[in-house]
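Undergrad:
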Amino acid sequence: MSIIPALVMFAVTPSPPITVHVQVTELTDKELKTKITKINPFTVNLTPLGSGVQKFAAAVVAAFTKHMVDQVPKKVSGAFVGKEMSLELGGALGYHLEVAGVKIDASPANLTLTNRESMLLISGDLVVS
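Heads up: the sequence shown is residues 1253 to 1381, going by the working numbering.
1) What residues in its chain sit with their C-beta under 7 angstroms from that of GLU1278, if we drop five residues either side in the sequence?
2) If I measure Cβ to Cβ from VAL1379 and keep anything under 6 angstroms in the same chain, skipping five residues before and after, which residues do I get?
3) Can at least three beta-carbon pairs, one atom from the stretch 1312 to 1323 and one from the stretch 1331 to 1338, be found at a separation below 8 angstroms?
4) Along the alpha helix (DSSP H) that carries GLY1304, what are the first and last residues, could you check?
5) Checking 8 angstroms against the spacing of the C-beta atoms, do LEU1298 and VAL1321 come in under that value?
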(Lines of atoms letter the chains of each structure in order from A and count residues from 1; the text may use other names and numbers.)
(Lines give C-alpha, C1' and ligand atoms only; values in the text may rest on other atoms or scores of the structure.)
Protein backbone atom coordinates (compact mmCIF):
# COMPACT_ATOMS: atom_id res chain seq x y z
CA MET A 1 0.00 0.00 0.00
CA SER A 2 1.46 3.35 -0.97
CA ILE A 3 0.80 6.69 0.61
CA ILE A 4 -0.21 9.41 -1.83
CA PRO A 5 0.52 12.94 -0.64
CA ALA A 6 -2.46 15.25 -0.38
CA LEU A 7 -2.97 17.36 -3.47
CA VAL A 8 -5.09 20.00 -1.77
CA MET A 9 -4.10 21.45 1.60
CA PHE A 10 -5.38 24.49 3.48
CA ALA A 11 -4.67 26.39 6.65
CA VAL A 12 -8.13 27.05 8.13
CA THR A 13 -8.32 30.12 10.36
CA PRO A 14 -11.26 32.02 11.83
CA SER A 15 -11.17 35.79 11.62
CA PRO A 16 -11.43 37.36 14.15
CA PRO A 17 -10.76 34.58 16.68
CA ILE A 18 -14.01 32.93 17.76
CA THR A 19 -15.51 34.49 20.90
CA VAL A 20 -18.20 32.57 22.78
CA HIS A 21 -20.43 34.20 25.41
CA VAL A 22 -21.52 31.87 28.21
CA GLN A 23 -24.05 32.56 30.94
CA VAL A 24 -23.86 30.75 34.27
CA THR A 25 -27.43 29.68 34.96
CA GLU A 26 -27.08 27.73 38.19
CA LEU A 27 -24.46 26.85 40.77
CA THR A 28 -24.77 24.18 43.41
CA ASP A 29 -22.14 22.79 45.72
CA LYS A 30 -21.46 20.03 43.17
CA GLU A 31 -22.30 21.43 39.74
CA LEU A 32 -22.08 24.52 37.54
CA LYS A 33 -24.72 24.90 34.81
CA THR A 34 -24.03 27.15 31.83
CA LYS A 35 -25.70 28.21 28.60
CA ILE A 36 -24.09 29.50 25.39
CA THR A 37 -25.84 32.81 24.70
CA LYS A 38 -23.91 34.20 21.73
CA ILE A 39 -21.05 33.54 19.33
CA ASN A 40 -19.57 36.72 17.91
CA PRO A 41 -19.60 37.01 14.10
CA PHE A 42 -16.57 35.53 12.36
CA THR A 43 -15.49 34.31 8.96
CA VAL A 44 -13.48 31.27 7.96
CA ASN A 45 -10.42 31.81 5.79
CA LEU A 46 -8.84 29.05 3.72
CA THR A 47 -5.20 29.68 2.86
CA PRO A 48 -3.77 27.33 0.21
CA LEU A 49 -0.64 25.45 1.30
CA GLY A 50 2.01 23.40 -0.47
CA SER A 51 4.01 23.75 -3.67
CA GLY A 52 2.96 25.82 -6.68
CA VAL A 53 0.70 23.12 -8.17
CA GLN A 54 -0.81 22.31 -4.77
CA LYS A 55 -1.51 25.99 -4.06
CA PHE A 56 -3.16 26.37 -7.48
CA ALA A 57 -5.36 23.29 -6.94
CA ALA A 58 -6.28 24.47 -3.46
CA ALA A 59 -7.19 27.94 -4.77
CA VAL A 60 -9.51 26.35 -7.37
CA VAL A 61 -11.17 24.16 -4.70
CA ALA A 62 -11.51 27.20 -2.40
CA ALA A 63 -13.26 29.17 -5.16
CA PHE A 64 -15.76 26.35 -5.77
CA THR A 65 -16.44 25.79 -2.07
CA LYS A 66 -16.59 29.45 -0.99
CA HIS A 67 -20.38 29.40 -0.59
CA MET A 68 -20.19 26.35 1.71
CA VAL A 69 -17.29 27.80 3.72
CA ASP A 70 -19.22 31.06 4.15
CA GLN A 71 -22.05 29.07 5.80
CA VAL A 72 -19.81 27.64 8.53
CA PRO A 73 -20.20 30.54 11.03
CA LYS A 74 -23.99 30.44 10.75
CA LYS A 75 -24.04 26.66 11.16
CA VAL A 76 -21.72 26.83 14.19
CA SER A 77 -23.89 29.48 15.85
CA GLY A 78 -27.06 27.54 15.09
CA ALA A 79 -25.61 24.35 16.52
CA PHE A 80 -24.25 25.81 19.75
CA VAL A 81 -26.16 28.98 20.78
CA GLY A 82 -28.77 28.03 23.36
CA LYS A 83 -27.05 24.79 24.35
CA GLU A 84 -26.82 24.13 28.06
CA MET A 85 -23.96 22.31 29.72
CA SER A 86 -23.40 21.00 33.20
CA LEU A 87 -19.90 20.95 34.62
CA GLU A 88 -19.34 18.75 37.63
CA LEU A 89 -17.03 20.37 40.15
CA GLY A 90 -15.30 17.10 41.03
CA GLY A 91 -16.71 16.99 44.52
CA ALA A 92 -18.76 19.06 46.88
CA LEU A 93 -17.49 22.55 47.61
CA GLY A 94 -16.32 23.05 51.13
CA TYR A 95 -13.49 22.36 53.49
CA HIS A 96 -13.13 19.62 56.07
CA LEU A 97 -10.56 19.55 58.84
CA GLU A 98 -9.94 17.95 62.17
CA VAL A 99 -8.72 19.90 65.21
CA ALA A 100 -7.85 18.03 68.41
CA GLY A 101 -10.05 15.11 67.31
CA VAL A 102 -13.02 17.35 66.46
CA LYS A 103 -14.22 17.26 62.83
CA ILE A 104 -15.12 20.65 61.41
CA ASP A 105 -16.99 20.97 58.11
CA ALA A 106 -17.36 24.29 56.29
CA SER A 107 -19.55 24.31 53.20
CA PRO A 108 -21.37 26.91 51.11
CA ALA A 109 -25.14 27.41 51.09
CA ASN A 110 -27.56 29.74 49.29
CA LEU A 111 -25.08 30.53 46.52
CA THR A 112 -25.90 33.42 44.20
CA LEU A 113 -24.19 34.60 41.05
CA THR A 114 -23.76 38.26 40.15
CA ASN A 115 -21.58 40.43 37.97
CA ARG A 116 -19.03 42.71 39.62
CA GLU A 117 -16.70 44.86 37.53
CA SER A 118 -17.09 42.52 34.54
CA MET A 119 -16.24 39.47 36.64
CA LEU A 120 -18.32 36.63 38.01
CA LEU A 121 -19.03 37.02 41.73
CA ILE A 122 -20.24 34.03 43.70
CA SER A 123 -21.62 34.85 47.12
CA GLY A 124 -23.56 32.98 49.77
CA ASP A 125 -23.51 31.68 53.30
CA LEU A 126 -20.86 29.59 54.97
CA VAL A 127 -22.23 26.77 57.08
CA VAL A 128 -19.85 25.50 59.75
CA SER A 129 -20.71 22.29 61.55
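Think of the CB as a built atom: it goes at the ideal place given N, C-alpha and C, for glycine as much as any other residue.
TA: To lay it out plainly:
1) Shown here for GLU1278: same chain residues with a beta carbon closer than 7 angstroms to its own, the five before and five after excluded, namely LYS1285 in chain order.
2) Around VAL1379: SER1359, ALA1361.
3) Contact between the stretch 1312 to 1323 and the stretch 1331 to 1338 is absent, with fewer than three C-beta pairs closer than 8 angstroms.
4) In the DSSP annotation of this structure, the continuous segment of the alpha helix (DSSP H) that includes GLY1304 starts and ends at 1304 to 1322.
5) Contact flag set, yes.
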